[in-house]
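Respectively, the protein sequence lines represent chains A and B. No gaps in the numbering here: position 64 of the first sequence is 64 in the working numbering, and each next residue is one more. No gaps in the numbering here: position 158 of the second sequence is 406 in the working numbering, and each next residue is one more. Every residue, glycine too, gets a C-beta built ideally from N, C-alpha and C. No experiment lies behind these values; they were computed from the predicted model shown. The block underneath contains the structure these notes are about, expressed in structure tokens.
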Amino acid sequence: MKIYIFSKRNLKEILRDPINLFFGLAFPLVLLFLLSVINANIPPEANNPMFEINNIAPGMAVFGTVFMALFAGMLLAKDRSSSFLIRLFTSPMSAIDFLLGYTIPMLIMVVVQATITLVTACIFGLPINVNIFLAVFVTVLSSFLFIGIGLLCGSIMNEKAVGGICGALLTNVTGWLSGMFIPIDLIGGGFQTVTHILPFYHSIKAIKAVLAGDLIAILPHIGIVFAYTIVIYFIAILSFRKTMYGDN
Amino acid sequence: MNAITTSNLCKIYGEHIAVDNLNLSIGQGELFSLLGVNGAGKTTTIKMLSCLIRPTSGNATILGDNVNEKPQAVKQKVNISPQEIAVGSNLSVNENMELIAGLYGQDNKTAKESAEKMAMLFGLESVLKKKAKHLSGGMQRRLSIAMALISNPEILYLDEPTLGLDVLARRELWDTITTLKGKVTMILTTHYLEEVEALSDRVGVMSSGKLTAVGTVAELMEYTGTNKLEDAFIVLAGGVL
Chain A
1 MKIYIFSKRN LKEILRDPIN LFFGLAFPLV LLFLLSVINA NIPPEANNPM
51 FEINNIAPGM AVFGTVFMAL FAGMLLAKDR SSSFLIRLFT SPMSAIDFLL
101 GYTIPMLIMV VVQATITLVT ACIFGLPINV NIFLAVFVTV LSSFLFIGIG
151 LLCGSIMNEK AVGGICGALL TNVTGWLSGM FIPIDLIGGG FQTVTHILPF
201 YHSIKAIKAV LAGDLIAILP HIGIVFAYTI VIYFIAILSF RKTMYGDN
Chain B
249 MNAITTSNLC KIYGEHIAVD NLNLSIGQGE LFSLLGVNGA GKTTTIKMLS
299 CLIRPTSGNA TILGDNVNEK PQAVKQKVNI SPQEIAVGSN LSVNENMELI
349 AGLYGQDNKT AKESAEKMAM LFGLESVLKK KAKHLSGGMQ RRLSIAMALI
399 SNPEILYLDE PTLGLDVLAR RELWDTITTL KGKVTMILTT HYLEEVEALS
449 DRVGVMSSGK LTAVGTVAEL MEYTGTNKLE DAFIVLAGGV L
């Protein structure tokens, strides 16, 4: 019950900020539209599938979830700086109540956001089939990575720093190292190796695989994303508990 | 039974002793003011008594429950009005109050009734639907204290509750606090000594983490040979008259 009450509060705090609504829901759609326009203007003889809808739709689904790091981090950092968290720490809520209370609203946002993004992608030519629903599910799984990064940053940084790290830096790092905007496999070399070590490329690969109906191919990619997620959540939980029990 | 009893309570950060062997007893329904200059250890003491931080050593018992052994039981009985205004900025006044009531275990119906009661007590009826961020500083402070009281705490910590309030709002809050005396045990920290004189049953003065004196305002003045609480405080806090 406490988790439900706290989740509801957090969802309201996020949805009542129009900037959050723009970046969370509208911005991926704007990018989807712009990249589709670019794709339409690439001559067929260029033989460049980079911005075809099958390639950009998974990228935009993942790109939308990057903002969950910003929302989770900003909310937590704001609660810390305004002493709202001190008030809540005095209440009989457990660490689990807090972590789930911050995580669940983000997952709800991801479901809505990924559904809108992928359904809109269908208007631009993405095949309509059951794989869309599976892709939403895989997007939700991969979003834990970004929610964890947000909770970690929100536990140890102030609002300004969270805005810089989760807003500016993380969106750029994810954008460039995931293959969302550049053809990583064509670039190759050390750059490709780095992107394959990091989880962002694999988030998109997992969604691409599910949209292509290749469910087996999802596993290695989602496995790598999950390995990072577990480590980041573990550190986030430790940092949050340190904040909660005032040991720092 | 005392509401609060501390026994050799200590909090040490590295080399810095924030609270040094605090021994204190506060009776049920008493309003106890904790005074001290900035950094004297008042807020650290309140944080230990409300289970926000763990004591380095020593014990504190809140209505029979030890803060080290039964923090969840302690948390159910206490609430705090933090120094900074701690409200959900994008939530309405009503939503803020119902949130806290719900987190302390009240069902929807009870939470709504409690919010109505608090709104009446703190004059918030006309702004119930307004978002907290659109309230004046004084109204936000009232909401913050209403949120501390909505859980029906047996012990309430008021950390500089009138900071930033105008004279009228401050007096109104004093009246509200006075009506709670005898029913709720309160620890008040403040830098306004007239507030201490108007509200407190007893006063404790902390200096460098140590409790240097405890007594009524009259007892402290007699003990220090002064005629004003301010002078008594300066002597007890280690200053020079």
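Taking A:I56 and A:L35 to be in contact with their CB atoms under 8 Å, please state how far apart those CB atoms are, rounded to whole angstroms.
5 Å
Exposure of A:I232, with buried meaning 16 or more beta-carbon neighbours within 10 Å
buried
Simplified DSSP state of B:N256, which is helix, strand or coil:
strand
Excluding five sequence neighbours on each side, which residues of the same chain lie with their C-beta closer than 6 Å to the C-beta of B:K377?
Annotation for B:K377: S340 place their beta carbon closer than 6 Å to its own, counting only its chain and skipping 5 residues before and after.
Host alpha helix (DSSP H) of A:A57 (start-end)
It spans 53-81 - the alpha helix (DSSP H) in which A:A57 sits, taken as one unbroken run.
What are the residues of the region 305-329 of chain B that lie near chain A, defined by any Cβ-Cβ distance shorter than 7 Å?
Q320, K323, Q324, V326, N327, I328
Counting only Cβ-Cβ distances shorter than 9 Å, please list the residues of the region 63-94 of chain A near chain B, keeping chain order.
K78, D79, S81, S82, S83, F84, L85, I86, R87, L88, F89, T90, S91, P92, M93, S94
Is the Cβ of A:R16 closer than 8 Å to any Cβ of chain B?
yes
Skipping 5 residues on each side, what residues in its chain have a beta carbon closer than 8 Å to that of A:C122?
I128, I132
Contact defined as beta carbons within less than 8 Å: I believe B:I333 pairs with B:Q388. What is the distance between those atoms, to the nearest angstrom?
5 Å
Just to confirm the assignment, what range does the alpha helix (DSSP H) spanning B:A359 have?
356-369
Taking the DSSP output, what are the residues bridged to B:V462?
B:G452
For the region 378-420 of chain B, list the alpha helix (DSSP H) runs that are entirely contained and at least 4 residues long, ordered along the chain.
385-397
So, using beta-carbon positions, are B:G430 and B:R450 closer together than 8 Å?
no
Using the Cα positions of B:H439 and B:K290, report the straight-line distance between them to the nearest angstrom.
Whole-angstrom Cα-Cα distance: 11 Å.
Helix, strand or coil at A:M157 according to DSSP, with G and I counted as helix
coil
Using a Cβ-Cβ cut-off of 8 Å (strictly less than) and excluding sequence neighbours within five positions of A:K208, which residues of its own chain qualify?
N54, N55, P58
Within the same chain, show all residues whose beta-carbon is closer than 6 Å to that of A:P183, passing over the 5 residues directly before and after it, in chain order.
M50
Using DSSP with H/G/I as helix, E/B as strand and the rest coil, what is B:N338?
coil
Between the region 171-185 of chain A and the region 251-265 of chain B, do three or more beta carbon pairs fall short of 8 Å?
no
I want to see whether chain A comes within less than 8 Å of B:L351, judged by CB atoms only; does it?
At a cut-off of 8 Å between beta carbons, B:L351 contacts chain A.
If you drop the 5 nearest sequence neighbours on each side, which residues of the same chain put their C-beta closer than 7 Å to that of A:V110?
T65, M68, T139, V140, S143
Return the CA-CA distance between B:D479 and B:N286, expressed in angstroms with no decimal places.
17 Å
For the region 291-302 of chain B, which residues have a CB atom closer than 7 Å to at least one CB atom of chain A, in sequence order?
Answer set for the region 291-302 of chain B: K295, S298, L300, I301, R302.
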